DNA sequence: ATACTGTTTAACCATTTGGTTAACAAAGGT
DNA sequence: ACCTTTGTTAACCAAATGGTTAAACAGTAT
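Protein chains in written order, with UniProt numbering: chain A, 1 to 197; chain B, 1 to 197.
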């Protein structure tokens, strides 16, 4: 592993755990097992190192989502595939959602410009398809954007608010993991169940 | 308004926007229109000022939720009332969810001790009731905790991830507000629709 | 061997930041 | 009037923090 990779991985860990403001360059250096000056040698400054980490994180999500949203499947199949693959992915990267959401709120202008730069989940195709299936009588009449929001909410929220969830419904780490496994299928079932005619 | 209140309100604004690590004592003082030394005169240090703000924020949520969860209503009525009143409340405090979630992740030990101190939404009664209504054939057989998580997800997530949502489904501030108004009723409908027999 | 290149480090620096101090003002009690 | 308590401020301080520098090191070509 190159030094740059060591730094990047360390930065990912520290930034995702502490956020931009809470992360310390020294802590990243320690985590990477190198000198603090190397951070600046490889990544100029904190802001740029952060951007590298953030864009990488966000960049992993968008294409995956778009691939499913823009496929040839039916709406029901897309919902099933999306929830399953997204939850599977986030189980492996449990800090990602909260990280992205947090930094998006703290740094909206930067993120928005990055998103409008093409690198963004684009649901327009799916929305049109939902409207068509409503017209065809396959799906009950609902607001497509609300449906999308429901899907995102049920898949992402449990991870973004992991601590809160564990505290509220009183479950251990392992119980949480079991529930997330179950959600790989239950979320899609729940949603489809409520919108199919 | 007393000086202490001015500080508290200023602190609430700054902490909710920047988080604990990102907030600056000077900025809070400026926002309150007083000298920085007053912060320490009234609230000892940053940690304690933050705790005051956080506990107040969290303390507003818990009792409201418990009142509904432990009432004499049916499960369907509880879901309807909860989503409606929670969304109404959060529309007036849109920074609250993200703030609570963020600081919970960054400071789990503190929050957990605070929650276990009684000050916590307690869903045990509601869970038992859901199990009963399943046994009675009113509700389809589902995992009650998953149902709770679905409810929390659909109500809280759009506010917690406000920026992300606006960017993803491409809506303006006013469209967002309209959607949240609509969600006061649509969320409960969606959920009840999917679980009623 | 020597010079040259990119890599890595220890020591250092400037600024920011949370926090303190000491003086000052305003109010209240005697 | 005078003293005590409470509220408020400007100036200051020590630690933390992001960032820089100059020297050492390692590999490579000459």
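The beta-carbon is built from N, C-alpha and C at its ideal position, and this holds for glycine as well. Note that the structure is predicted; figures quoted are calculated from it, not measured.
Open item on the list: Just verifying my parser: in three-state terms, what is the DSSP assignment at residue 222(B)?
Closed with: The structure shown has nothing for residue 222(B), since chain B only spans 1 to 197.
TODO: Below 7 angstroms CB to CB, which residues in the same chain sit around residue 49(B) once its five sequence neighbours on both sides are set aside?
DONE: Within the second chain, the letter at position 49 stands for residue 49(B). Contacts found: 11, 39, 43.
Open item on the list: Let me see if you follow: with CB-CB separation under 8 angstroms, is residue 68(A) close to chain B or not?
Closed with: Position 68 of the first chain holds residue 68(A). So no, residue 68(A) is outside the interface.
Open item on the list: For the pair the segment 112 to 131 of chain A and the segment 58 to 75 of chain A, tell me if three or more CB-CB distances fall below 8 angstroms.
Closed with: yes
Task: Contacts of residue 55(A) in chain B (Cβ-Cβ under 9 angstroms) - done: On the first chain, residue 55(A) is found 55 positions in, with the first residue counted as 1. The contacting residues do not exist; residue 55(A) stays about 14 angstroms from chain B at best.
Task: Inter-residue Cα distance where the pair is residue 189(A) and residue 146(B) - done: As a first step, residue 189(A) must be located in the first chain, where it is residue number 189. As a first step, residue 146(B) must be located in the second chain, where it is residue number 146. C-alpha separation (whole angstroms): 12 angstroms.
Task: Chain-ordered residues of the segment 149 to 169 of chain B with a beta carbon less than 9 angstroms from chain A - done: 149, 150, 152, 153, 154, 155, 156, 157, 158, 160, 161, 162, 163, 164, 165, 166, 167, 168, 169
Task: C-alpha gap between residue 14(A) and residue 34(B), whole angstroms - done: The residue labelled residue 14(A) in the question sits at position 14 within the first chain. The residue labelled residue 34(B) in the question sits at position 34 within the second chain. About 35 angstroms.
- [ ] Determine the chain B residues that contact residue 188(A) at a beta-carbon separation under 8 angstroms, and present them in chain order.
- [x] Sequence index remark: in the first chain, residue 188(A) carries index 188 (1-based). Near residue 188(A) there are no residues of chain B at all, since even the closest Cβ is about 11 angstroms away, more than 8 angstroms.
TODO: Identify, in the order they occur along the chain, each residue of the same chain with its Cβ nearer than 6 angstroms to the Cβ of residue 82(B), setting aside the five sequence neighbours on each side.
DONE: Residue numbering aside, residue 82(B) sits at position 82 when the second chain is read from its first letter. Within the same chain, residue 82(B) has close Cβ partners 68.
TODO: Please list, in chain order, all residues of the same chain as residue 84(A) whose beta carbon is under 8 angstroms from its beta carbon, the five residues on each side excluded.
DONE: Position 84 of the first chain, counted from the start, is the residue given in the question as residue 84(A). Correct list, in chain order: 184, 185, 188.
- [ ] Please name the residue in 193(B), 182(B), 195(B), 194(B) whose C-alpha comes closest to that of residue 88(B).
- [x] Translated into the one-based positions of the second chain, residue 88(B) becomes position 88. Of the listed residues, the one whose Cα sits closest to residue 88(B) is 182(B).
- [ ] Would you mind sorting residue 194(A) into buried or exposed? The rule is 16 or more other CB atoms within 10 Å of its CB.
- [x] Taking the first residue of the first chain as position 1, residue 194(A) is located at position 194. That one is buried.
TODO: Could you work out which residues of chain A lie near residue 123(B), taking near to mean beta carbons separated by less than 9 angstroms?
DONE: One-based indexing of the second chain puts residue 123(B) at position 123. Within 9 angstroms Cβ-Cβ: 168, 169, 170.
Task: Residues near residue 97(B) by beta carbon distance below 7 angstroms, same chain, minus five either side - done: Counting from 1 along the second chain, the entry for residue 97(B) is found at position 97. Excluding positions up to five away in sequence, the list reads 90, 156, 159, 160.
Open item on the list: So residue 194(A) contacts chain B; which residues on that side make the cut at Cβ distance below 9 angstroms?
Closed with: As a working mapping, residue 194(A) is identified with position 194 in the first chain. Here the neighbours are 189, 190, 191, 192, 193, 194, 195.
Task: Under 9 angstroms (Cβ pairs) to chain B, residues found in the segment 9 to 33 of chain A - done: 17, 18, 19, 20, 21, 22, 23
Task: Sequence-distant residues of its chain with Cβ nearer than 8 angstroms to residue 121(B) (five each side left out) - done: For the purposes of this step, residue 121(B) is taken as the residue at position 121 of the second chain. Once the five neighbours on either side are set aside, the close Cβ partners of residue 121(B) are 61, 62, 65, 66, 69.
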